[in-house]
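K.L.:
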Amino acid sequence: MKPPAFDYSRPETLEEAVGLLAELSSGGKVLAGGQSLLPILSMRLAAPEHLVDINRIAELDTISAGPDGVRLGALARHAAVERDPAVRSTQPLIPAALRQVAHPTIRNRGTTLGSIVHADPSGEMPAVLALLGGSVTAVSARGRRTISAAEFFLGPLESALGPDEIAVEAYFPALAVRSGTAFAEVSRRHGDYAVCGVAALVSVDQERRITSARAGYLSIASTPLVLDLTEAVLGRRCADDLSAAGRLARQLVEPDADIHASADYRRDLAGVLSDRVITEAARAAAGSGPGD
Amino acid sequence: MTEQLHEVGLTVNGAAYQAEVPARRLLSDFLRHDLRLTGTHVGCEHGVCGACTVLVDGVPMRSCLLLAVSVQGQHVTTVEGLAAPDGTLSAVQRAFQECHGLQCGFCTAGFLTTITAGLRQNPEPTIEQAREMIGGNLCRCTGYQNIVAAVLRAAEIGGGDAGGE
Ligand SMILES: Cc1cc2nc3c(=O)[nH]c(=O)nc-3n(C[C@H](O)[C@H](O)[C@H](O)COP(=O)(O)OP(=O)(O)OC[C@H]3O[C@@H](n4cnc5c(N)ncnc54)[C@H](O)[C@@H]3O)c2cc1C
Ligand code: FES
Ligand code: FES
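Taken in sequence, the protein lines are chains A and B.
Counting in my numbering, the first sequence runs from 65 upward without gaps.
Counting in my numbering, the second sequence runs from 34 upward without gaps.
#1: May I ask you to verify whether the segment 214-225 of chain A touches the segment 250-269 of chain A, counting CB pairs closer than 8 angstroms and requiring at least 3?
#2: Rank 99/A, 167/A and 293/A by C-alpha distance to the C-alpha of residue 275/A and give the top, closest one.
#3: Beta carbon of residue 351/A: closer than 7 angstroms to some heavy atom of ligand 2?
#4: Anything in chain B within Cβ reach of residue 106/A, meaning under 7 angstroms, just list it in chain order.
#5: Pull up the distance between the alpha-carbon of residue 195/B and that of residue 81/B, whole angstroms please.
#6: At which residue ranges does the segment 107-180 of chain A contain complete beta strand (DSSP E) runs of 3 or more residues, listed in the order of the chain?
#7: Can you give me, in chain order, the residues of the segment 97-113 of chain B that have a beta carbon less than 8 angstroms from any beta carbon in chain A?
#8: Is residue 351/A helix, strand or coil when you go by DSSP?
#9: Can you list, in chain order, the residues of the segment 39-53 of chain B whose Cβ is nearer than 9 angstroms to any Cβ on chain A?
#10: Would you tell me roughly how many angstroms separate the C-alpha atoms of residue 137/B and residue 288/A, rounded to the nearest one?
#11: Helix or strand or just coil, what does DSSP make of residue 132/B?
#12: State yes or no: is the C-beta of residue 160/A within less than 8 angstroms of the C-beta of residue 236/A?
#13: Between 43/B, 175/B and 54/B, which lies nearest to residue 130/B when the distance is taken from Cα to Cα?
#14: Which residues, in chain order, does the segment 156-179 of chain B contribute to contact with chain A at a C-beta distance below 7 angstroms?
#15: DSSP three-state call for residue 234/A: helix, strand or coil?
#16: Sorted by chain position, which residues of the same chain lie with C-beta nearer than 7 angstroms to residue 310/A's C-beta, five sequence neighbours on each side aside?
#17: Verify the contact flag: residue 141/B, CB atom, against every heavy atom of ligand 3, threshold strictly below 7 angstroms.
#18: In chain order, which continuous runs of the beta strand (DSSP E) of length 3 or greater are located wholly inside the segment 154-189 of chain B?
#19: If you measure from the CB of residue 145/B, is any heavy atom of ligand 3 nearer than 7 angstroms?
#20: Excluding five sequence neighbours on each side, which residues of the same chain lie with their C-beta closer than 7 angstroms to the C-beta of residue 356/A?
#21: What residues match up with residue 71/A in a beta bridge as DSSP calls it?
#22: Take every Cβ of the segment 317-329 of chain A, pair it with every Cβ of the segment 224-233 of chain A, and state whether three or more of those distances are shorter than 8 angstroms.
#23: Does chain B have any CB closer than 8 angstroms to the CB of residue 328/A?
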């Protein structure tokens, strides 16, 4: 099908875009990569009055990585972020998860910030942002505010952004010393939305014993779910049996069934994948194996 | 009420075009209906099948997920732009012919554009990389084996020089 009719503007500055959205009150909609919005329009699941195309706002096309973490502007495309060496060394979980976001052709156009704002509970990057404790900065005619990941995701396809706000930056904290990350998911075909996906962040002490183990889940709850699995593996090393992490995850998740998978199958996947990523992240944290 | 029209100017296969289109005109429809370049096919119209893939400034993108007005000022290469002006097929096109990389041909334009850009980025793909390169394109006929063979063959006969912009 074809999209319904809408008005369209292509501002060249953030100020202009924010002014337009303020004028349009709730009738405006931001168009970034369009890799989620255009399918929605073509399927007529939404009919915004006016699209504000932000693709020409050069000041939003930024990727920066420093000691405190990675900052992505609203026009940082998945593919560019995935390839950026400074992003990789600052927070390797970002490229590891991005490789599972759709197909390369979609990643050439889709933006990482757009996928966060889209707040799909099956999206990889909302789960990564939530696990790492990152944030989103938004600008509107009312001013600028930073929203923590914990407060950003309200429900399926629902973020805390107001209709007049433009998300201008996503912030992902850097990987700390003696910490490691890993990502794994199961999908019907590579590039499809995952039936279940898990990101892990593990820290160890100087003796390489686990001090913290947390996991972020996609396609398991209506918003990205972050679980603290530390109690299951506290004090263990990466070479030990860490399957208690998966057992705890199985107890804690409460997935729903849908046409792709039953609730039990999802719960089982959450357990299996938790084991896998916690072990891999622990190895990376100990600096002794794949993932580092 | 008539729909508002927007001026759009872009280059397609090296030729400059100027047109007035409604904002909702998809690039795929702009190419097919306004410019009559019907080599680009439309399958699913929501990003899943890859049939509509074109190169925008050399980068493969779904033309069904782009608004024509959004690509203002950019360079688009469609399947019609892959062969040389005298009709000589590009390496990727020749490899498809040699390896029987197509049957009905519905998906082919999307594969050719995707592989053209893919080989430019990675001129010597392994078989795994060749599979990954085409992972976002669906084909209902061939079973993919011959398409994978065509990727490797195109690399052999000069994939880096695959044609297009
Ligand atoms: C076939 C296919 C498979 C896919 N598979 C996956 C997958 O496996 N995992 C995954 O995570 N994604 C997947 N996607 C979606 C893809 O990652 C999109 O790129 C992403 O979800 C949205 O980014 P975008 O820049 O395209 O945003 P758009 O489509 O332009 O926008 C999406 C929504 O976010 C809003 N928005 C975007 N940017 C901003 C901003 N800066 N400020 C305010 N609002 C904004 C828009 O108004 C809209 O509501 C897939 C898409 C397709 C077509
Ligand atoms: S028609 Fe564009 S991806 Fe299927
Ligand atoms: S050749 Fe028929 S769909 Fe691919």
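Even glycine gets a Cβ: it sits at the ideal position worked out from N, Cα and C.
P.N.:
From the atom records:
#1: Result no; under three Cβ-Cβ pairs closer than 8 angstroms.
#2: Of the candidates 99/A, 167/A and 293/A, the residue whose Cα lies closest to the Cα of residue 275/A is 293/A.
#3: Between ligand 2 and the CB of residue 351/A, the shortest heavy atom gap is not smaller than 7 angstroms.
#4: Contact of residue 106/A with chain B by beta-carbon distance below 7 angstroms involves 78 and 79.
#5: At residue 195/B the pLDDT is 48, less than 50, meaning the model places this residue with poor confidence; the figure from the coordinates comes in the next sentence. One C-alpha to the other measures close to 25 angstroms.
#6: Within the segment 107-180 of chain A, complete beta strand (DSSP E) segments of at least 3 residues are found at 114-117, 127-130 and 133-137, given in chain order.
#7: Within the segment 97-113 of chain B, the qualifying residues are 97, 98, 99, 100, 102, 103 and 105.
#8: Coil at residue 351/A, not helix or strand.
#9: Among the residues of the segment 39-53 of chain B, those with a Cβ less than 9 angstroms away from any Cβ of chain A are 39, in the order of the chain.
#10: The C-alpha of residue 137/B lies about 42 angstroms from the C-alpha of residue 288/A.
#11: Residue 132/B: helix per DSSP, three-state reduction.
#12: In this structure, residue 236/A does not lie closer than 8 angstroms to residue 160/A by Cβ.
#13: The shortest C-alpha separation from residue 130/B is found at 175/B.
#14: Considering only beta carbons, the part of the segment 156-179 of chain B lying closer than 7 angstroms to chain A consists of 168 and 169, in chain order.
#15: Under the three-state reduction of DSSP output, residue 234/A falls in the strand class.
#16: Taken in chain order, the residues that qualify are 335, 336, 338 and 339.
#17: In this structure, the C-beta of residue 141/B approaches ligand 3 to less than 7 angstroms from one of its heavy atoms.
#18: As for any beta strand (DSSP E) of minimum length 3 sitting wholly inside the segment 154-189 of chain B, there is none.
#19: It does not: the Cβ of residue 145/B is nowhere closer than 7 angstroms to a heavy atom of ligand 3.
#20: Residue placement at residue 356/A is flagged as unreliable, the pLDDT there being 40, under the threshold of 50; a coordinate-derived value is accordingly withheld.
#21: Secondary-structure assignment with DSSP links residue 71/A through a beta bridge to 114/A.
#22: Touching, no.
#23: The beta-carbon of residue 328/A is placed no less than 8 angstroms from the nearest beta-carbon of chain B.
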